[in-house]
Structure formats: structure tokens, C-alpha cells
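Accompanying notes for the structure given below.
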Amino acid sequence: MSGQEAKENWEPKIVAIVCNWCTYAGADLAGISRIQYPPNVRIIRVPCTGRINPFYVVKALQEGADGVLVSGCHPGECHYLSGNLSARRKFATLKRFLSYIGLEGDRTIFTWVSASEGERFAKVIKGVTERVTALGPANKLVKKL
Amino acid sequence: MENIQKKLREEAGRLLEEKKVDVIVGYEAGTLPATATPCFITLPEEAQKLVWNSFCTQNLAKFVHDMISQHRNAQKRVKPEDRKKKVVGVVARGCTSRSIVLCLQERQYNRDEVVILGVPCTGYVERKKLSAALGGEEVLEAIVAGDSITVKTPAGEKKLALKDALADCCLTCRFNNPVISDVMLGENAAPMDADREYEEVTAFENLPIEERWAYFEKEMAKCIRCYACRQACPSCYCAICFMDQSQPQWVGIGEDATDTQVFQLMRLYHMVGRCVDCGSCVSVCPMGVDLRKFLKKLDKDGLEMFNNRVGASMEDVPPLSAYSENDKDDFIFNP
Chain D
10 MSGQEAKENW EPKIVAIVCN WCTYAGADLA GISRIQYPPN VRIIRVPCTG
60 RINPFYVVKA LQEGADGVLV SGCHPGECHY LSGNLSARRK FATLKRFLSY
110 IGLEGDRTIF TWVSASEGER FAKVIKGVTE RVTALGPANK LVKKL
Chain V
4 MENIQKKLRE EAGRLLEEKK VDVIVGYEAG TLPATATPCF ITLPEEAQKL
54 VWNSFCTQNL AKFVHDMISQ HRNAQKRVKP EDRKKKVVGV VARGCTSRSI
104 VLCLQERQYN RDEVVILGVP CTGYVERKKL SAALGGEEVL EAIVAGDSIT
154 VKTPAGEKKL ALKDALADCC LTCRFNNPVI SDVMLGENAA PMDADREYEE
204 VTAFENLPIE ERWAYFEKEM AKCIRCYACR QACPSCYCAI CFMDQSQPQW
254 VGIGEDATDT QVFQLMRLYH MVGRCVDCGS CVSVCPMGVD LRKFLKKLDK
304 DGLEMFNNRV GASMEDVPPL SAYSENDKDD FIFNP
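Here is the structure:
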């Protein structure tokens with residue numbers, strides 16, 4: 010594929026780091042219910058959003074992800090009671106700091122999707138893909154190999 | 004200041020004599036003119052070495068943590084009944100005392116393992132700023148008197164306003180007097196210009212996003228990854244830093260610019276609710292990276308989002324060590 014062609018056919022790569030108990034089950038439900046959503050997302054399953062080191066997000070961006078989505082249980086519904094509440098503080102500060110140093114806010118997106126919200130999961134992925142597509146390929150903080 | 008220094012020597016000598024502390028961390032005159040360097044004192048007669056002036060720069064809380072944790076590690080091989088406690092005395096200005104509060108909140112050591120000799124602070128002279136104000140001339144002698152600093156250089160004498168030589172973090176410092184102390188030496192110092200502390204950050208926030216990124220890229224391109232900032236930072240006390248880890252290797256070890264950016268980004272981010280703005284990292288940086296612009300933002304976020312000022316009091320827990328059901332949800336994506 011020539012460079013020009015590659016540019017035209019560009020599709021965003023999105024890393025979704027999701028919690029095992031809610032969003033992963035939500036994605037499963039979306040799949041079982043045959044709800045269509047863009048195939049740009051690569052899902053990584055973790056036990057809980059509280060287990061996500063903010064470094065994962067930064068590292069994904071450095072390794073070439075065009076967008077990173079982090080999703081877990083709604084506040085108050087965490088399988089481990091408070092994992093997502095501490096995660097919320099971490100990500101609130103991380104998101105602010107990343108946009109402060111000049112990374113587009115839409116590259117890092119945080120949301121909650123519960124196990125029964127297959128519909129919402131599809132909507133989230135659609136929304137994230139649209140936003141990241143609008144931004145174009147990531148060029149900040151990306152390691153060129 | 005002379006007065007405080009005299010009291011400090013007396014008090015330090017007394018504490019060592021009475022064996023209330025095993026060692027005192029303070030400042031002694033540096034080998035170069037107009038510098039002060041951290042020193043460790045174990046004998047009462049050595050207390051005369053201690054100085055307290057406008058050239059005392061480093062945050063000594065770093066050494067308190069180092070010494071106590073090293074001692075505790077060494078005690079692991081001793082039978083429990085024979086273990087000894089090591090008490091460290093420390094000369095602490097506002098920012099040092101806040102770092103100690105943070106370490107205590109993070110359970111790094113106990114309150115009875117540290118004796119705090121509080122000193123009022125009127126700001127310290129930043130070497131790089133002074134040298135820039137002098138146009139790079141060598142400093143032979145410097146005397147601070149009131150609001151001005153008189154510097155002797157090979158070309159002659161120069162008189163500068165003190166605020167042109169004081170570190171940026173000192174000019175807008177909110178806590179120049181210790182927040183906790185066992186012995187307070189001297190009267191509390193006059194407050195600094197704390198109302199303007201976030202001016203620089205607000206100005207930067209209002210820049211267009213591309214300019215912010217360009218600035219970050221430019222500043223991080225200076226970094227040679229000597230890790231002096233990490234070594235000097237009192238909040239960077241991890242036994243194994245993420246930079247030294249090889250499994251997983253978080254950050255590449257090559258010359259890649261993004262590796263440097265990611266290293267700096269993550270070290271900065273680790274300071275959420277933990278940076279006391281002591282300026283130690285800025286003062287040790289050999290390349291003059293503008294770290295404070297980014298650190299101060301984290302401080303501002305901590306205040307805006309969680310109403311927390313780092314180390315301001317023992318009750319104020321670090322924001323990322325706590326959570327609340329009512330935390331703001333405005334950054335959450337809702338399609």
C-alpha cells in the first residue's frame with residue numbers, strides 16, 4: 010500500500026481497557042445481542058478499573074493507539090466496592106494533566122458501562138470511534154519505530 | 004537570620020547532647036561561595052557547622068526518609084527485642100515540613116522517629132536564576148541584606164533585588180513557615196505573595212493546545228535523563244522506581260524523544276497531591292527544564308478538584324489515597 014493510500018484508508022486504533030465485571034460483560038452482551046459497533050476497538054480485560062495503572066493509558070498512546078477508552082462499573086456498583094471510585098480520581102487528574110500538556114482530550118476517554126448495558130456499550134464505542142476519527146491519526150507522544 | 008542560626012546551633016547541640024536524636028540533618032556552608040549543602044551531624048560539637056541562610060536550597064525531607072528506611076532495612080536482621088529506633092532531627096522550613104507531613108500520612112515513618120527543628124523561611128536564592136541575572140559571571144561572594152543581594156564578581160560588585168534571585172516557588176510560596184515542628188526557631192516569617200501562585204499555570208492553560216504541546220516537547224527535549232529530579236524529590240521514595248524496572252520495562256532506555264517525554268510525564272503525574280513545590284527538582288536540574296510549570300498544575304488540580312493542599316495538615320489526606328462518592332463526574336463520556 011502506498012503512503013497516500015494508507016492515509017486514505019486510515020482507521021483509528023482504539024485500545025479499550027475494561028473491567029471484567031461490568032463493561033466486559035456489557036461487551037459480551039452487545040455481542041450476544043448482535044448489536045453492531047465499529048470494529049476499531051481492541052479490548053483488554055482487567056479485574057477492575059482500580060487495577061489500571063495510569064501508565065497503561067500513557068503507554069498505549071506511546072505505542073501508537075489513536076485513542077484509549079477506559080470503562081468500568083458505574084460508581085457504587087464496583088464488584089470490589091470502591092475500585093472504580095479510586096480509579097475515578099486517578100483518571101480525572103490524568104485526563105486534565107494530559108490535556109494540559111497538549112494532548113487532545115478526546116484521545117483518552119473514560120466512561121461507565123454496566124453488564125446489562127450492551128446497547129450503551131455499542132453507543133460508547135461508536136461515539137469514541139467518531140471522536141477519534143475526527144482527530145485523525147495520533148502524532149503526539151507516539152514512538153516511531 | 005543570624006539569630007535563627009545561633010538558636011539552631013544551640014538547639015541542635017542540646018538535642019544531640021541529651022541524646023534525643025541520633026543524627027541531625029541540616030545545612031552547612033558549601034564549598035563554593037554563596038552555597039549551602041546538606042550535612043549530617045552526630046556529635047554535639049559539630050553543631051557549630053550548621054548554617055541557616057538564603058542559600059539553603061534542598062528539601063531535607065528526602066534524607067530523613069532515606070536514613071530511616073535504610074536503618075529499618077538494616078534492623079530486619081536484628082532480633083526483634085534488640086532492635087533500635089533511630090531518631091532523625093531535621094532542619095525544616097515550610098516545604099520540608101510539608102514533605103514530612105506527606106511522608107507521615109503515607110506511613111513512611113512514625114512521628115516519634117523525627118524531630119523537627121522548624122525555621123521560618125524567606126525564600127532561597129536559586130543558583131541558575133542568580134547566574135542568569137549576573138549574565139553568567141562567577142560569584143565570589145554574596146551577601147543578602149533586606150530586599151537586596153550584593154554579589155561580588157570578578158568584574159566588580161553588583162547589587163540586585165532579592166526577588167530577581169529567589170526561586171520561583173519561593174516568590175509565591177503559601178507555606179514559608181513550618182506547618183508542624185517540635186522546636187520552632189525564631190518568629191514566623193512574613194508571608195510571600197501567595198495570591199499569585201497559579202498565575203503562571205492559568206496563563207499556560209489559556210494557550211492554544213498546539214502551543215502547549217510544543218512547549219512540552221521543547222522542554223522535554225532538554226532532558227538528558229540524569230534522574231537528578233527524582234533523586235532530589237522528597238516524594239520520590241519508591242524502593243524501585245518505574246524507571247529502573249525491567250519487568251515490565253515501562254520506559255525505553257534509548258535516546259527516543261518520546262521515551263523521555265513519557266518518563267517526565269509519568270514522574271510528574273506521580274506528584275498528583277504529593278508535590279509540595281519545594282523547587283528541589285528545578286534547582287538540581289542541570290538542563291534547566293521548566294518542571295514547575297507542570298507540577299504546579301497538579302497542585303492546582305488537587306486544590307480545585309479535591310480541595311487539598313499537599314501536606315498542609317495531618318488531617319488532610321492525599322487526594323489519591325482517598326475517594327468520595329460525590330467526586331465530580333464531568334469528565335465521564337456519555338454518548
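If you're matching them up, the sequences are chains D and V in order.
Each residue of the first sequence is one higher than the one before, counting from 10 in our numbering.
Each residue of the second sequence is one higher than the one before, counting from 4 in our numbering.
In this text, a Cβ means the ideal position worked out from N, Cα and C, and glycines have one as well.
Closest Cβ-Cβ distance between residue i and chain D: below 8 Å?
| i | result |
| --- | --- |
| V/PHE297 | yes |
| V/LYS23 | no |
| V/LEU301 | yes |
| V/ARG110 | no |
| V/TYR127 | no |
| V/PRO321 | no |
| V/LEU355 | Coverage of chain V is limited to positions 4 through 338, which leaves residue 355 of chain V absent and any answer about it impossible. |
| V/PHE266 | no |
| V/LYS331 | yes |
| V/VAL182 | no |
| V/ARG215 | yes |
| V/ASP247 | no |
| V/ASP171 | no |
Starting from the C-beta of residue i, find all residues in its chain whose C-beta is less than 6 Å away, skip the five residues before and the five after it, and write them out in chain order.
| i | result |
| --- | --- |
| D/GLU126 | GLY35 |
| D/PRO56 | ASN29 |
| V/GLY16 | PRO47, ALA50 |
| V/THR60 | TYR127, SER286 |
| V/ARG96 | VAL122, CYS124 |
| D/VAL50 | ILE23, ALA25, ILE134 |
| D/ALA74 | LYS22, VAL24 |
Can you name, in chain order, every residue of its own chain whose Cβ lies under 8 Å from the Cβ of residue i, other than the five neighbours on each side?
| i | result |
| --- | --- |
| V/HIS68 | CYS106, GLN111, TYR112, PRO237, TYR240 |
| V/GLU116 | ILE71, LYS88, LYS89, VAL90, VAL91 |
| V/GLY291 | LYS131, LYS225 |
| D/LYS104 | GLY114, THR117, PHE119 |
| V/LEU301 | LEU271, TYR272, MET274, VAL275, GLY276, CYS278 |
| V/ILE227 | PRO289, MET290 |
| V/ALA192 | PRO123, CYS124, THR125, ASN179, ASN180 |
Looking at the C-beta of residue i, does it have a partner C-beta in chain V at a distance below 8 Å?
| i | result |
| --- | --- |
| D/ILE44 | no |
| D/PRO56 | no |
| D/ARG105 | yes |
| D/GLY142 | Looking at the sequence itself, residue 142 of chain D is Thr, so the reference to Gly does not match. No, its Cβ sits nowhere closer than 8 Å to a Cβ of chain V. |
| D/SER125 | no |
| D/TYR109 | yes |
| D/GLY85 | yes |
| D/GLU128 | no |
| D/PRO21 | no |
| D/PRO63 | yes |
| D/VAL27 | no |
| D/LYS149 | yes |
| D/LYS16 | no |
Who are the near neighbours of residue i in its chain, counting only those whose CB is closer than 7 Å to its CB and skipping five residues on each side?
| i | result |
| --- | --- |
| V/LEU165 | VAL147, ASP150, SER151, ILE152 |
| V/VAL54 | GLN8, TYR30, GLU31, ALA32, ALA39 |
| V/ASN62 | CYS98, THR99, SER102, PRO237, CYS281, SER283 |
| V/ARG114 | LEU107 |
| V/MET353 | Lying before the first or after the last residue shown, residue 353 of chain V is absent from chain V, which here runs from 4 to 338. |
| V/GLU14 | LEU120, VAL186, LEU188 |
| V/ALA136 | LEU163, ASP167, ALA168 |
| V/CYS244 | ARG233 |
Using the DSSP secondary-structure output, state which residues sit across from residue i in a beta bridge.
| i | result |
| --- | --- |
| D/PHE100 | Answer is none; D/PHE100 lacks a bridge partner. |
| V/ILE212 | V/ILE212 pairs with nothing; no bridge assigned. |
| V/TYR30 | V/PRO41, V/VAL54 |
| D/ARG51 | D/VAL24 |
| V/LEU169 | V/VAL128 |
| V/LEU163 | V/ILE152 |
| V/MET187 | V/GLY121 |
| D/PHE64 | Bridge partners of D/PHE64: none, in fact. |
| D/VAL79 | D/ILE26, D/PHE119 |
| V/ILE335 | D/PHE119 |
At a cut-off of 7 Å, would you count residue i as near the ligand COA, judging by its Cβ distance to the nearest heavy atom?
| i | result |
| --- | --- |
| V/LYS89 | Because no ligand of any kind appears in the structure shown, any question about the ligand COA cannot be addressed here. |
Would you call the stretch 79-99 of chain V in contact with the stretch 21-34 of chain V, where contact means no fewer than 3 C-beta pairs closer than 8 Å?
Result yes; three or more Cβ-Cβ pairs closer than 8 Å.
Would the stretch 201-208 of chain V and the stretch 319-336 of chain V be scored as touching if the rule is three or more Cβ pairs under 8 Å?
By the C-beta criterion, the stretch 201-208 of chain V is judged not to be in contact with the stretch 319-336 of chain V, since fewer than 3 inter-stretch pairs fall below 8 Å.
Those runs of the beta strand (DSSP E) which lie wholly inside the stretch 90-147 of chain V and span at least 3 residues
Here the runs fully enclosed are 91-95, 117-121.
Whether or not the stretch 303-316 of chain V and the stretch 270-279 of chain V are in contact is what I'm after, with contact meaning three or more pairs of Cβ atoms, one per stretch, closer than 8 Å; do they touch?
The stretch 270-279 of chain V and the stretch 303-316 of chain V touch, with no fewer than 3 CB-CB distances between them shorter than 8 Å.
Completely contained alpha helix (DSSP H) runs for the stretch 58-84 of chain V, where each covers 4 or more residues
Within the stretch 58-84 of chain V, the complete alpha helix (DSSP H) runs of at least 4 residues are 64-78.
For the stretch 122-140 of chain D and the stretch 38-45 of chain D, state whether three or more C-beta atom pairs, one from each stretch, are separated by less than 8 Å.
These segments touch.
Measuring CB atoms only, is the stretch 48-68 of chain D touching the stretch 20-28 of chain D, in the sense that at least three cross pairs come out at less than 8 Å?
Yes, they touch.
Please specify which runs of the beta strand (DSSP E), each continuous and at least 3 residues long, are wholly inside the stretch 255-281 of chain V, giving them in chain order.
Runs of the beta strand (DSSP E) lying entirely within the stretch 255-281 of chain V, each at least 3 residues long, are absent.
Could you list the residues in the stretch 272-286 of chain V with a C-beta less than 7 Å from some C-beta on chain A, going in chain order?
Among the protein chains of the structure shown, namely D and V, there is no chain A.
Kindly confirm or deny that the stretch 212-222 of chain V and the stretch 314-321 of chain V touch, where touching means at least three C-beta pairs closer than 8 Å.
Touching, no, given that fewer than three Cβ pairs across the two stretches are closer than 8 Å.
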